[in-house]
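Before any comments, here is the structure.
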Amino acid sequence: MSSEENNINGKDNLKVSLRVQEAKKRDIGRNIARIDQETMEKLDIKTGDVIALVGKKESAGIAWPSYPQDSGLGIIRIDSRLKKNIGTSIDDTIHIRKVTTHSAQNIVLAPISVKIKSNPRFETFVKRKLSNYPVAIDDFIFISIGISREITFKVISMRPSGICTIKPETILHISENITEDEERGADIVTYEEVGGLDREIQRVREMVELPLRHPSIFKHLGIDPPKGVLLRGPPGCGKTLLAKAVANESEAYFISINGPEIMSKFYGESEKKLRKLFIEAEEKSPSIIFIDEIDAIAPKRETVTGEVERRVVAQLLALMDGLHSRGRVIVIGATNRPNSLDPALRRPGRFDREIEIKVPNEKGRREV
């Protein structure tokens, strides 16, 4: 199930390899890492201990016992916030180890993509929210402000280095300089926040996340990954939220456009906008282009009277046929009127995968 390394100076130097799985909804936002009893005993970890999680980056979580059904499976359940901090995703393998933490003497946080006018009172409020919270440099921290607002911060400096906990004596400062997230566009939306669409999430993961994260699998099997996926369903059932979640979970560059916004009264301007977006996506691959209300820019050509619509449809078809980074750039279209789309878009090599997003049932509505 696991591997042990560097067993030199006792338990703190042991590492165990575990496979990442989704956190249960009750654990989301609590910085919890659930591991089984065998792993806890091997590393001499008790419930509530701070552990280091090492993926592409290192961060910290709080150890809790696994659910009974997970015992012996060699998995760790962490939420999307912890996954983001260590640069990993579902089914990836990470290392964990026990750590001895120090109290942070000084820590500086910078807001992500939002300007904040800080003051000592607000800094005290944030420090109180983060009391005994384990952090590492470059971590993303999420602070709830009121009922429905959340601000994301990044740890841009901290003393001492390593993994520290925030204590009452910690000097916390909030920078007024805005820090941009590395990935563009997609709000930090995760699968855990998309309620009532478990089956649809699984299909999107197979069609979009898998080729973006593991293109070598498709190459080895000689299978062409999809270029386009069409999400169809009534308005308000989660199509846009699902597209943002898959972009975030697959660590893809996300470009979101609204169909009607592409259209322009100037000759050739609509096609130029489309070409520019596809060039940007190729340069920033792996990437996802999300076209909401795609029926607005790609209606059936025999039913439209305007020349602009015909040209835009033809340009979109040409761009999808000309994608060089197959599997590294995926176009997701969303529509609540699939039968109004030009049939050429739904042929193989274009939007050849379709997922119906239905209105959630009673159980799904409770999750929402």
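Going by this note's numbering, the final residue of the sequence shown carries number 406, and the count climbs one at a time with no gaps. Each residue gets a CB set at the ideal place from its N, CA and C atoms; glycine is no exception.
The beta strand (DSSP E) that contains residue i, what's its start and end?
i, result
"Ser308", "Where Ser308 is concerned, there is no enclosing beta strand (DSSP E), although the alpha helix (DSSP H) it sits in stretches over Glu307 to Glu321."
"Ser55", "Val54 to Glu60"
"Met196", "Arg187 to Arg197"
"Asn144", "Asn144 to Pro149"
Buried or exposed: where does residue i fall if 16 or more other Cβ atoms within 10 Å of its Cβ makes it buried?
i, result
"Asp330", "buried"
"Val88", "buried"
"Lys165", "buried"
"Val152", "exposed"
"Leu111", "exposed"
"Asn170", "exposed"
"Ala148", "buried"
"Glu60", "buried"
"Ser199", "exposed"
"Lys314", "exposed"
"Ala356", "exposed"
"Tyr73", "A quick correction: the sequence has Ile, not Tyr, at residue 73. Ile73 should be labelled buried."
Look at residue i and residue j and say whether their C-beta atoms are less than 8 Å apart.
i, j, result
"Ala142", "Thr208", "yes"
"Arg119", "Phe180", "yes"
"Gly360", "Leu268", "no"
"Asp390", "Lys338", "no"
"Leu354", "Ala336", "yes"
"Ile132", "Leu56", "yes"
"Pro58", "Lys121", "Rather than Pro, the amino acid found at residue 58 in this sequence is Val. Closer than 8 Å, so yes."
"Ile66", "Glu309", "no"
"Val54", "Leu91", "no"
"Ile150", "Thr190", "yes"
"Gly29", "Val232", "Summary: the structure shown does not reach residue 29, with the chain confined to residues 39 through 406, and so no result is reported for it."
"Gly271", "Asn374", "yes"
"Met358", "Lys265", "yes"
"Ile83", "Ala101", "yes"
With respect to the alpha helix (DSSP H) encompassing residue i, which residues constitute its N-terminal and C-terminal limits?
i, result
"Arg166", "Pro158 to Lys167"
"Asn215", "Here Asn215 belongs to no alpha helix (DSSP H), and DSSP marks it neither H nor E."
"Arg348", "Glu345 to Asp359"
"Asp236", "Asp236 to Val242"
"Thr228", "Element bounds for Thr228: n/a, residue is neither H nor E."
"Ala285", "Lys277 to Glu287"
"Arg115", "Taken as a continuous stretch (DSSP letters only), Arg115 belongs to no alpha helix (DSSP H), being part of the beta strand (DSSP E) at Ile113 to Ile116."
According to DSSP, residue i sits in a beta bridge with which residue or residues?
i, result
"Thr341", "The partner list for Thr341 (beta bridge, DSSP) is empty, contrary to what the question assumes."
"Gly264", "According to the sequence provided, residue 264 is Pro. The question's Gly does not apply to it. Bridge partners of Pro264: none, in fact."
"Glu394", "Arg270"
"Lys136", "Ile89"
"His252", "Answer by DSSP bridge pairing: none, since His252 is not bridged."
"Pro172", "Thr203"
"Pro103", "Ile73"
"Gly371", "Leu268 and Ile329"
Are at least three pairs of beta-carbons, each pair with one atom in the segment 246 to 254 and one in the segment 343 to 350, less than 8 Å apart?
no
Spell out a yes or no on whether the segment 313 to 326 and the segment 284 to 300 are touching, meaning 3 or more CB-CB pairs, one atom from each, closer than 8 Å.
yes
Do three or more CB pairs link the segment 122 to 133 to the segment 147 to 162 at distances below 8 Å?
no
Is it the case that the segment 277 to 286 contacts the segment 234 to 244, given that we only count it when at least three CB pairs across the two stretches are under 8 Å?
Touching, yes, given that three or more Cβ pairs across the two stretches are closer than 8 Å.
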